[in-house]
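What follows is a set of notes on a single structure, which appears directly below.
Structure follows, in structure tokens:
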């Protein structure tokens, strides 16, 4: 039997990228190579191994059984090798270098840029931070991100999650003027007789307001004359007396402290765990991301005790 031409390190990287993205185009974009280069390299790899690794159609790419088994064995081995090389590189350069790409919500990005990013610049000047803020949830692996930053309830179960900042609540708020000629709601069902400022997701779906008290959970599709897609705009609208808004206390705290907004239904709104940085558990942690996580953890005590008072303009 003739000897098999062993795949090169680039062949293995290409294979893993296509397997994870399920797309030659997306994998090529993430790797910074032409799709034709990727396709040619993997066809050569299959030819050298004399086995098909991918099922290809004009619309999709999927792994064969052999491809699945190769991925399970190859991915941890390659990631360990890259981690080892990254460690050696950090000795040569005196510290981690490169770019950390993080997909975040707007609120998480504001918190990170006010606290974590400045400290990163001090400790690791060779690490660049690329924050992409989006209202919609994205697949961070398919999008070529190192990590994401979102509310804990939205983090995919197959991710490693690191909490930063304190738990907080969503609040129902309105201006004092709004309640001058209206009774304040006592139960969530009372909201049906009020003007509510609705929240629209980027997908177009309208957010339902969630309440909980003594084990009773209620989710309400409120009605109202105004629908918005940003918490800061919802706070502004509530301050103008346009209705009751359901927003994170991170955004509403300043207006509440100044008396521009009052809260209602407080006993129906428990704390939620808060914000998390998350990343795939099947990947090594690149040195720049590891540095970012370490800095974030070192600052977390200060974030937990004071950021609502300092960063209430989110």
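Residue numbers (my numbering): 500 to 813. Every residue, glycine too, gets a C-beta built ideally from N, C-alpha and C.
Margin query: Taking DSSP's pairing of strands, which residues face residue 494 in a bridge?
Written below: Residue coverage of the chain in this structure runs from 500 to 813, which leaves residue 494 outside it and unanswerable.
Check: Can you tell me whether DSSP reads residue 814 as helix, strand or coil?
Finding: The chain is shown only over 500 to 813; residue 814 falls outside these bounds and no answer can be derived.
Check: Just the Cα atoms here: how many angstroms apart are residue 625 and residue 787?
Finding: 9 Å
Check: Just how far apart, CA to CA, sit residue 681 and residue 647?
Finding: 42 Å
Notebook entry, point to check: Looking at the structure shown, is residue 630 part of a helix, part of a strand, or coil, going by DSSP?
Noted result: strand
Note to self: One question on the structure: do residue 692 and residue 737 come within less than 8 Å of each other, judged by their Cβ atoms?
What the structure shows: no
Item checked: Supposed close pair residue 695, residue 743 - CB separation, criterion 8 Å -> 5 Å
Checklist line | Contact set for residue 699: own chain, Cβ-Cβ below 8 Å, skip 5 residues either direction | finding: 705, 706, 726, 727, 728
Item checked: Closest residue to residue 559 among 522, 785, 659 (Cα-Cα distance) -> 522
Checklist line | Same chain, Cβ closer than 7 Å to residue 518, neighbours up to 5 away in sequence not counted | finding: 562, 566, 570
Check: Who are residue 602's beta bridge partners in DSSP?
Finding: 631, 647
Margin query: Please confirm whether residue 725 has its beta-carbon closer than 8 Å to some beta-carbon of chain B.
Written below: Although the question refers to chain B, the structure presented lacks it and comprises just one protein chain.
Next item on the list: Would you check if there are 3 or more beta carbon pairs closer than 8 Å linking the segment 746-761 to the segment 625-636?
Entry: no
Item checked: Segment limits, alpha helix (DSSP H) that includes residue 712 -> Taken as a continuous stretch (DSSP letters only), residue 712 belongs to no alpha helix (DSSP H), being part of the beta strand (DSSP E) at 708-712.
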